[in-house]
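Sequences listed follow chains A and B, in order.
The C-terminal position of the first sequence is numbered 176 in full-length UniProt numbering, with every residue numbered one higher than the one before it.
The C-terminal position of the second sequence is numbered 176 in full-length UniProt numbering, with every residue numbered one higher than the one before it.
Virtual Cβ for every residue (Gly too), placed ideally from N, Cα, C.
There are 2 protein chains.
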Amino acid sequence: MAWTSSRGLAIAAATCVTVALMPPMAGGADDDASAVFGVTLPAGYRSWHLISVAHEAGGLDDLRAILGNDIAARAFREGTKPFPDGAIIARLAWRHVPSAENNAAFGQAQSFVAGPATNVQFSVKDSTKYAGTGGWGFGQFEGGRPNRDEALLNTCFPCHSRAPAQADFVFTRYAP
Amino acid sequence: MAWTSSRGLAIAAATCVTVALMPPMAGGADDDASAVFGVTLPAGYRSWHLISVAHEAGGLDDLRAILGNDIAARAFREGTKPFPDGAIIARLAWRHVPSAENNAAFGQAQSFVAGPATNVQFSVKDSTKYAGTGGWGFGQFEGGRPNRDEALLNTCFPCHSRAPAQADFVFTRYAP
């Protein structure tokens with residue numbers, strides 16, 4: 001969807017939530033798209049730039065890598081906020097599992113590595129299409145397949161809206 | 001150093017340890033090179049392909065990302081062993097620090113992120129130049145500066161030699 005006039009932009013702003021909720025999921029018209037935002041799996045994301053890593057303990061108990069496409073990585077490195085349209089951030093996660101092999105080599109139990117993948121989440125910046133959710137559309141995939149659970153995808157923005165305002169709804173900082 | 005004859009290769013194999021120990025460090029001739037193996041900081045490594053992530057608890061207490069250049073990443077993905085000459089693996093590490101900001105958003109203490117960088121290590125495959133150490137040369141850098149501690153760099157291969165033989169002295173597996 002391309003808006004070519006300021007009137008169009010005003011309409012987009014006024015109807016963004018409806019637009020975001022409406023087209024991709026209706027009748028399963030796009031089987032490759034995750035729920036609510038219509039985000040599809042970006043080609044080549046597994047080779048994007050590393051932004052940072054993280055470890056979620058507790059119930060999640062995972063290790064994470066946050067990658068960015070060229071536009072997102074440049075914005076992270078240069079501190080550009082808000083992120084420009086076209087920026088996509090990928091969050092990969094794997095089970096946080098001990099490595100018996102590494103521990104044997106190190107002589108002590110200290111090493112945790114990436115186990116089975118859990119899911120991959122994307123944040124896609126399109127300030128027009130996703131104006132109602134801070135300019136971000138969200139997607140989740142398991143084993144390369146889109147998650148179609150609308151209730152799940154509707155939790156993305158309420159959580160991201162808790163990130164500091166100056167971070168443009170993004171939790172991750174660029175790792176030095 | 002380029003070897004252009006089979007006799008040259010034989011000499012390289014016979015003298016590899018001397019070759020590796022000798023030239024870059026003598027008299028500080030190459031200030032950009034890390035000790036023992038003469039490894040310099042590879043251009044653009046921060047944008048290399050993500051191979052995996054890890055968490056070392058205990059005294060190290062860090063989060064890690066393992067990146068590979070094009071040759072290394074292809075070998076990881078295709079399971080090619082030994083790694084071909086030209087493969088370079090980068091291990092970045094940062095302090096494993098709690099994120100008060102993330103914990104506040106999640107409503108519980110569970111989130112650890114990349115804190116200050118500790119060091120970056122490289123494994124460089126050159127089966128001729130580094131024949132005496134499994135075909136691998138090793139380098140370490142702090143803040144972009146090469147570590148010149150010979151005793152430290154001489155610990156690299158003895159540790160990597162504990163990785164399974166079929167892994168070509170590499171601990172990391174490609175994260176799915």
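**Request:** Select from the region 92-113 of chain B all residues with a C-beta closer than 9 angstroms to any C-beta belonging to chain A, and list them in chain order.
**Result:** Leu-92, Trp-94, His-96, Ser-99, Glu-101, Asn-102, Ala-104, Ala-105, Phe-106, Gln-108, Ala-109, Gln-110, Ser-111, Phe-112, Val-113
**Request:** For A:Arg-162, go through chain B and note every residue whose CB falls closer than 7 angstroms to its CB, in chain order.
**Result:** Ala-105
**Message:** Can you tell me whether A:Phe-112 is helix, strand or coil according to DSSP?
**Reply:** strand
**Request:** Give the secondary structure of B:Ala-163 by DSSP, where H, G and I count as helix, E and B as strand, and everything else as coil.
**Result:** coil
**Prompt:** Which word fits B:Thr-172, buried or exposed, when buried means at least 16 other C-beta atoms lie within 10 angstroms of its C-beta?
**Reply:** buried
**Prompt:** Can you give, in chain order, each stretch of the alpha helix (DSSP H) that sits fully within the UniProt domain "Cytochrome P460" (42-172) of chain A and has at least 4 residues?
**Reply:** 70-78, 100-106, 150-153, 156-160
**Request:** With DSSP as the reference, label B:Ala-175 as helix, strand or coil.
**Result:** coil
**Request:** Kindly identify the DSSP beta-bridge partner or partners of A:Ala-35.
**Result:** BP columns for A:Ala-35 are empty, so no partner.
**Request:** Measure the Cβ-Cβ separation of A:Ala-57 and B:Ser-99 and say whether it is below 9 angstroms.
**Result:** no
**Item:** Partners in chain B for A:Phe-171, counting only beta-carbon separations shorter than 9 angstroms
**Value:** Ser-99, Glu-101, Asn-102, Ala-105, Ser-111, Val-113
**Residue from B:Ala-163, B:Gly-38, B:Asp-31 with nearest C-alpha to A:Asn-102** = B:Ala-163
**Message:** Using C-beta distances below 8 angstroms, list every residue in its chain close to A:Val-53, excluding the 5 sequence neighbours before and after it, in chain order.
**Reply:** Leu-63, Arg-64, Ala-65, Ile-66, Ala-175
**Within chain B, the residues that A:Val-120 reaches when beta carbons sit closer than 7 angstroms** = What A:Val-120 touches in chain B: nothing, since even the nearest Cβ is about 11 angstroms away.
**Request:** Assuming A:Val-113 contacts A:Val-97 (C-beta within less than 8 angstroms), just tell me the rounded distance between them.
**Result:** 6 angstroms
**Asked** Among A:Phe-141, A:Glu-142, A:Gly-135, which residue has its Cα nearest to the Cα of A:His-160?
**Response** A:Gly-135
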